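Participant: Top to bottom, those sequences are chains A and B. Throughout, my numbering is defined as the position within the first sequence, counted from one, plus 6. Throughout, my numbering is defined as the position within the second sequence, counted from one, plus 1257. Once you've had a glance at the structure underneath, I'll fire off some questions.
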Amino acid sequence: MNKPQRVPSSRCLSAVEVKSKFGAEFRRFSLDRSKPGRFEEFYGLLQHVHRIPNVELLVGYADVQGDLLPINNDDNYVKAISTATPLLRLFLQRREEADYSSFATDSLTRRKTTVLSAVLLRPDGGRRKPPVIISLPRDFRPVSSIIDVDILPETHRRVRLYKHGQERPLGFYIRDGASVRVTPAGLEKVPGIFISRLVPGGLAEGTGLLAVNDEVLEVNGIAVAARSLDQVTDMMIANSHNLIVTVKPANQRNNVVRGGGATAGGGAGVSAAPPPPPTHIIQNFPASAADYSDEDDEEEDLVTEVGGEATPIRHAPYDADVPRYEPHLNLRAAAAAERDANGLTASSSSDEATPSATPTATPSPDRRSEGRSLEEEGTVITL
Amino acid sequence: MKRFRRHGHESQRDRLKQELFQFNKTVEHGFPHQPSALGYSPSLQLLAIGTRSGAVKLYGAPSVEFMGLHEENAAVTQVHFLPHQAALVTLLDDNSLHMWTLRGHSGQSELLEIGRFTLTGPPGALPCVTRVTAVLPHSSGELLLLGTEGGHVFVVEVPGFRELEERNISLDQVSNSVPQDYVGRRNLEHVETLQENPLNPTQVVIGYGRGLMVLWDLDRQSAVQHIPATQQLESIWWTEDGSCILSSHSDGSYCRWTVGGDDGEEEEKPDVPYGHFPCKAISKIVQLPTKDGPPFLFFSGGMPRASYGDRHCITVIHGKTHVALDFTSRIIDFFVIRHGPHHTGDPSALVVLVEEELVVMDLQTDGWPVIETPYLVPLHSSAITCSHHVSTIPLKLWERILAAGALQSSHYSLEPWPIMGGKNLAPDPPHRDLLLTGHEDGTVRFWDASGVCLCPVYKLSTAAVFQTDTDPNDNMNTGAEGEWPPFRKVGCFDPYSDDPRLGIQKIHLCKYSGYLTVAGTAGQILVLELNDEAAEQTVEAKVVDLLQGQEGFRWKGHARLDVREQPVRFPPGFQPFTLVQCQPPAVVTALTLHSEWKLVAFGTSHGFGLYDYQQKSNVLIRCTLNPSDQLAMEGPLSRVKSIKKSLRQSFRRIRRSRVSLRKHHVNNAAKLQEANARLEAELAEMELAPVQRKIEARSSDDSFTGLVRTLYFAETFLSDSSHTTASLWAGTNGGCVFAYMLRLPPVEHRADEPITAQPAKEIQLMHRAPVVGVVVLDGHGAPLPDPLEVAHDLARSPDMTGSHHVLVVSEEQFKVFTLPKVSAKMKLKLTAVDGSRVRRAGVAWFGSSRSEDYSESGMLVLTNQGDVHVVSLPHVKMQVQYPCIRREDVSGIASCVFTKHGQGFYLISPSEFERFSLSTRYLVEPCCLVEAPSPPGSAPQPGSPSGRSSSGHTKITDGEDAEVLQEIQKSLEGDQMSFLENHVKPAAV
């Protein structure tokens, strides 16, 4: 990836040779470069040629740098076809056996672990990291991600912190400061908001994506310019369950380099290479503020009915498209875990195909007695 | 409203919004903060007050008010009306002079600044040469004499502020003629005061700081007489017959000098009224004759320095009567109103402006009682701790409260208010509205908030119920017999509270039943009933344990108030009959009353309770305290702070009073103080630096999550969708809403069957922001009416057939849930989008300005950024947003109260409410007309301005400036002539 734009016509070849490997078997066929068709058709074709009609597949291909990149939507499919030189090498895996760590990214399911993002964002100049043996991503709760790399200026970074009702604090402080802007009239000092401190052990520090003196530009898609420190604080706290901050890192050396030959292999992944005609951009998140603010369906209020049974409130169907992960790590007390489960699974409504199918979302029947006993002890039940 | 949901109606909705909402700050109620100057025009009967913040306010008859603000943010040091004109001159701290006029505009007058001027003086002169210390508007109305710190007197033509250099009186001219033997000859110091001879306008007296007074003839440009006083001069008064000059001095003495005698010959022995021991300065002296009897002598100050140096006194001497009026705050200035058509008769009233109030004494009635002021009432006579507004009071209750209030003001003079300038043209207010303010000393004051004038109606004191350290009957006024000086306490400003626990925190008045409930700092809740007769009764106290026996807590705050055990006699008015005391005795944070069900609900930081005041029994107690929340047991943290603050304030007060001893040093002192304040602020900032804010999600373990923020009664579908039940809703700081189902016995068994409350719902908002309001919306999406409102046919009965919704307003979001099955339906996220948080929310009705019959309800919201929003109901869509209060003004935001008709009040200073309106239909703002003064003694002549003014226009109508000037000129000439005709000894002009 990240090669300068290739012009397919220079290849003078209308057909792309495809070599597809599934397990120990190879299949070879060709595709029309000018009319690659849609990903769905392509996927069907693969299942057909390998004679595995009911197997869920993960499709990967080797790009010019030799990176294994996924094909899972129309855009990266077109990209794979158009950059094939001339052979397109495909690697198919059963989805349930998939080794995610071999991929640079997986934007269809929007799953990114910090480790992957952080590791892959380093400008390692195409040097492959030795494969780390780690569990499947679904065993992890994502704590943060870099998003919208493709639509932001290179000097900016949009970081999403997942709070998920876990007990780990967000753990950072902000302050007022002065920011230097380049204007037609020259350099201009304007007031800005900066990260002033990271709490050791907090989420913000743990991600490694935010640092002291990073300038905060946006909170959940809303620019903070001309807002006071208190306003920005309140905005961040109001969004704390799903906080997306756009920062201008104080340290600009670790930025994603785009358009150059270096393979950053970062979150920008498949869609980054050409100078972005907007229609081809896959945005991990919609850019508009309204969309951000609607994307909070994990924030479910809890209603206790007369008997004390807790039921998460179901909203009118939102496009529930947030990661759903089950905390398998037994870090919390059972009660707390259950509380989390309730809180979280409230949102895991529609997508049954998710491999990370969680335990049932309905509250446990003994909730009521538990609530009662807590109440008798004078505990305020926090649901 | 359904039609607006469809697409393509956006523009229609926008048009409707314009018809419904409009933001205006309409009027300031109360007493101006930090007044610094007073002026009065006898001919206009208008009073002018200048403030330290640069505002100038004019008051005439009740509801006749004007306000102007100088662009410079400098204190107004002097205000002078030009004689017989609707114009005034102000002198500011920055040495600039400003000309203001009342100009007619579309049938009403408005106060306009028409000119500004700074004395330049000769080139190269030191700034002190042109620093104005004394201003004399000459009776010709054309000249302004300006005395300066350098000792010169500059003459300026008004209204154009043209310097008449040839007429200036320079220090050299004066000092050349000073007698050789005068001790202060070398340095006369600044011009302290300028006075005109009341009979001969060509003569003025120039009083220099060192004591010398020079009678100066303006025409001949020469001194007529020198009066060689040797003490520092404070003020001069030229008696009406022109024969005498009174001078007051900084050593507490005053002298009487005869005019016309030879230089220095007529010196009389200085009189030190409170003498023997050193006295403080007499800052102003006035003597006025009476038709048949001894003259009145008024002077301020002059108290013996050691024993009464801290008193703020004005002495009035009339014949044998000698009274030292003792005010509770510093005296700014005073003037005397005189009888008669030309205000030349006997003194009728003494008007005193002190720092915290305006006091008017009736001088015609024996004993000189105080005349009740219809405006400029000190709202903060004890600090305001909360306020509550009740719209559209039924006439019956209104009259009963007024009657109870009338009994309380029996000690006031029966004389009418003496300042009656201008005409109030405002239409009668559409409703009778009451504003109730709770005060630190345990009083609740009722104000008539219907119109422009915020008049006191009734005062309720709750202190009588409790045993406090000081006996409330202890009268401060009773001075010992034969005390010298003969003090008499006047004024109602009394900022000292016997016991801070008495402070009122929450008020709820039911306007239909006359039941009132008030709750205070020490967890006390009183239910009161309006009784037209005095009654003697014991108030039973009921202690409610909100901790519900939880272990591990120890209340570290103040103790409960002790209740008086013997019966207390309550005067007619609101009389308490039930007292509930919370344990722990923390501040009551939420309070509501349902007079139909006879229930009162209250909440503190520990929990909430429901009390049946008919059966006098507890219905429900719910502890909301988080077991780990130890901070909630600390008691009011602000107390520690407030002691520190009050100490600092008292030191400041002392410092201020010291530096203000010398009038013309005030400027420097103010500057110094300002610099100090700045330094202090900087230091405070450095202590906290760097200012940083922690970003952390709210957690259940935060402090004060159990604090009850709101309580609400509603008749709604709580358990099933076919029957409505009575319900109580409570919202906490931790984002939790509790709903209880109440079972009320039938009316005939109400007195004996118990009321029960069952928990029905609990909603924990996941964003955990404090819940500041709960409202149930009926089937039409309209808020449920107040209890008894429907019974009194004052509200359309709610739709009880359709599906109800509950709107939960948290500091961050508005969320609508369905009922009876609670599920989120709509929401508006405020904080996530614009970073502001809800501080106040209230339901209001908005009527369209275009069509009489269209109105809708909306949610009025004030944010911590000081913006007001209107949020539509039931769709919770943002309608309009206006900036209202500066966001740094925390106390202003905290004091805001909304009315049911889209208006609001907030404190702009401890003593003033600003009134604002978001409604196009209901607007209370001053609308008044001031007519030009008719020249004394002359009938309106055809063609003359005063003749025109009788046709209902002000003299100065909108027109070309030149025309205006000409008119002024004409009227002045008229004035001058008639003025002269009136006097025996006409002098050449």
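Ideal placement from N, C-alpha and C gives every residue a C-beta, glycine not left out. These numbers were taken from a predicted model, which means no experiment stands behind them.
Check whether the Cβ atoms of B:E1786 and B:Y1769 sit closer than 8 Å, and answer yes or no.
Facilitator: Their beta carbons are not under 8 Å apart, which means B:E1786 does not touch B:Y1769 by this criterion.
Participant: Suppose you measure from the CA of B:V1529 to the CA of B:S1638; what does that come to, to the nearest Å?
Facilitator: Going from the Cα of B:V1529 to the Cα of B:S1638 covers about 34 Å.
Participant: Given that A:T239 touches chain B, what residues does it touch there, using C-beta distances under 9 Å?
Facilitator: Under the 9 Å cutoff, chain B gives R1950, K1951, I1952 and G2092.
Participant: Closer than 9 Å by beta-carbon distance: list the chain B residues that pair up with A:L235, in chain order.
Facilitator: Those within 9 Å of A:L235 in chain B are V1948, Q1949 and R1950.
Participant: So A:P88 is in the alpha helix (DSSP H); what residue range does that whole segment cover?
Facilitator: Sequence check: residue 88 of chain A is Ser here, not Pro. Run containing A:S88: D80 to T89, per the alpha helix (DSSP H) assignment.
Participant: Out of curiosity, what's the CA-to-CA distance linking A:A191 and A:A210?
Facilitator: C-alpha separation (whole angstroms): 36 Å.
Participant: Leaving out five residues before and five after B:T1450 in sequence, what residues of the same chain have Cβ atoms less than 6 Å from its Cβ?
Facilitator: Here the set comprises A1391, G1464, S1492 and I1493.
Participant: Which word fits B:E1797, buried or exposed, when buried means at least 16 other C-beta atoms lie within 10 angstroms of its C-beta?
Facilitator: Flag for B:E1797 reads exposed.
Participant: Could you check the C-alpha separation between A:R33 and A:V61 for me, to the nearest Å?
Facilitator: Cα-Cα distance, rounded: 16 Å.
Participant: Taking 8 Å as the threshold (beta carbon to beta carbon), is B:T2088 in contact with chain A?
Facilitator: True, the Cβ-Cβ gap to chain A drops below 8 Å.
Participant: Considering Cα atoms alone, identify which of A:E306, A:E47 and A:V65 is closest to A:K27.
Facilitator: Looking at the Cα atoms, A:V65 is the closest of the given residues.
Participant: Residues of the stretch 2108-2139 of chain B in Cβ contact with chain A at a cutoff of 9 Å, in chain order, please.
Facilitator: Result list: N2121 and Q2122.
Participant: Can you find a C-beta in chain B that's less than 8 Å from the C-beta of A:H247?
Facilitator: True, the Cβ-Cβ gap to chain B drops below 8 Å.
Participant: So, is the C-beta of A:R203 closer than 8 Å to a C-beta in chain C?
Facilitator: Any reference to chain C falls outside this structure, whose protein chains are A and B.
Participant: When you compare only the Cα positions, how much space is there between B:S2106 and B:Q1275?
Facilitator: B:S2106 and B:Q1275: Cα-Cα distance of roughly 9 Å.
Participant: So A:R44 and A:D80 are in contact, right, with Cβ under 8 Å, and what is the actual spacing, rounded?
Facilitator: Right, the Cβ-Cβ distance comes to about 6 Å (below 8 Å), so this counts as a contact.
Participant: Inspect the beta-carbon positions of B:C1749 and B:P1631 and report whether they are closer than 8 Å.
Facilitator: No. Outside cutoff.
Participant: Measuring alpha carbon to alpha carbon, tell me which of B:T1982, B:P1535 and B:C1501 ends up nearest B:G1507.
Facilitator: Before going further, note that residue 1507 of chain B is Ser rather than Gly in the sequence given. Nearest C-alpha to B:S1507: B:P1535.
Participant: For A:Y179, which residues in chain B fall below 8 Å Cβ to Cβ?
Facilitator: Simply Q1949, R1950, K1951 and I1952.
Participant: At a Cβ cut of 7 Å, what residues of the stretch 2045-2077 of chain B count as close to chain A, listed as they run along the chain?
Facilitator: Within the stretch 2045-2077 of chain B, the residues whose Cβ lies closer than 7 Å to some Cβ of chain A are E2069, listed in chain order.
Participant: Taking a Cβ distance cut-off of 8 Å, strictly less, list which residues of the stretch 1555-1576 of chain B are near chain A, in chain order.
Facilitator: Flagged: no residues at all.
Participant: On a CA-only basis, which of B:K1548, B:T1719, B:C1712 and B:V1462 is nearest B:L1759? Give me that one, please.
Facilitator: Per the Cα distances, B:T1719.
Participant: Please report the residue range of the beta strand (DSSP E) in which B:T1585 lies.
Facilitator: Run containing B:T1585: none; DSSP gives neither H nor E here.
Participant: DSSP beta-bridge partners for A:E173?
Facilitator: DSSP, once it has assigned bridges, lists no residue as partnering A:E173.
Participant: Rounded to a whole number of angstroms, what is the C-alpha to C-alpha distance between B:E1953 and A:L204?
Facilitator: Taking the straight line from one Cα to the other gives about 12 Å.
Participant: Is it right to say B:H1409 is buried, meaning 16 or more other beta carbons lie within 10 angstroms of its own, or is it exposed?
Facilitator: That one is buried.
Participant: Going by other Cβ atoms of all chains shown within 10 Å of its Cβ, with 16 needed for buried, is A:A86 buried or exposed?
Facilitator: The residue is buried, with at least 16 neighbouring Cβ atoms inside 10 Å.
Participant: Any idea if A:G207 is buried or exposed, counting beta-carbon neighbours within 10 angstroms, 16 or more meaning buried?
Facilitator: By the neighbour-count rule (16 or more Cβ atoms within 10 Å), A:G207 is not buried but exposed.
Participant: Judging by CA-CA distance, which residue of A:D307, A:G29, A:V84 and A:Q99 is the nearest neighbour of A:P42?
Facilitator: When each option's Cα is compared against that of A:P42, the closest is A:V84.
Participant: Let me confirm a value: B:A1791 is counted as buried when at least 16 other C-beta atoms fall within 10 Å, else exposed. Which label applies?
Facilitator: B:A1791 should be labelled exposed.
Participant: Report buried or exposed for B:L1818, applying the criterion of at least 16 other Cβ atoms within 10 angstroms of its Cβ.
Facilitator: When all chains shown are included, B:L1818 counts as buried.
Participant: Which residues, in order along the stretch 1323-1337 of chain B, keep a beta-carbon less than 9 Å from a beta-carbon of chain A?
Facilitator: Against chain A - using a Cβ distance shorter than 9 Å - the stretch 1323-1337 of chain B contributes no residues.
Participant: Taking only the alpha-carbon atoms, compute the straight-line gap between B:L1615 and B:T1846 and give it to the nearest angstrom.
Facilitator: Each residue's Cα considered, the two are about 34 Å apart.
Participant: Report the residues of the stretch 2011-2022 of chain B with a CB closer than 8 Å to any CB of chain A, ordered along the chain.
Facilitator: Correct list: Q2015, P2016, A2017, K2018, E2019, I2020, Q2021 and L2022.
Participant: Taking the C-alpha atoms as reference points, what is the distance between A:K254 and B:A1843?
Facilitator: Using only the alpha carbons, I get a separation of about 47 Å.
Participant: Within 10 angstroms of its Cβ, does B:N1433 collect 16 or more other Cβ (buried), or is it exposed?
Facilitator: Classification of B:N1433: exposed, given that the 10 Å Cβ count is below 16.
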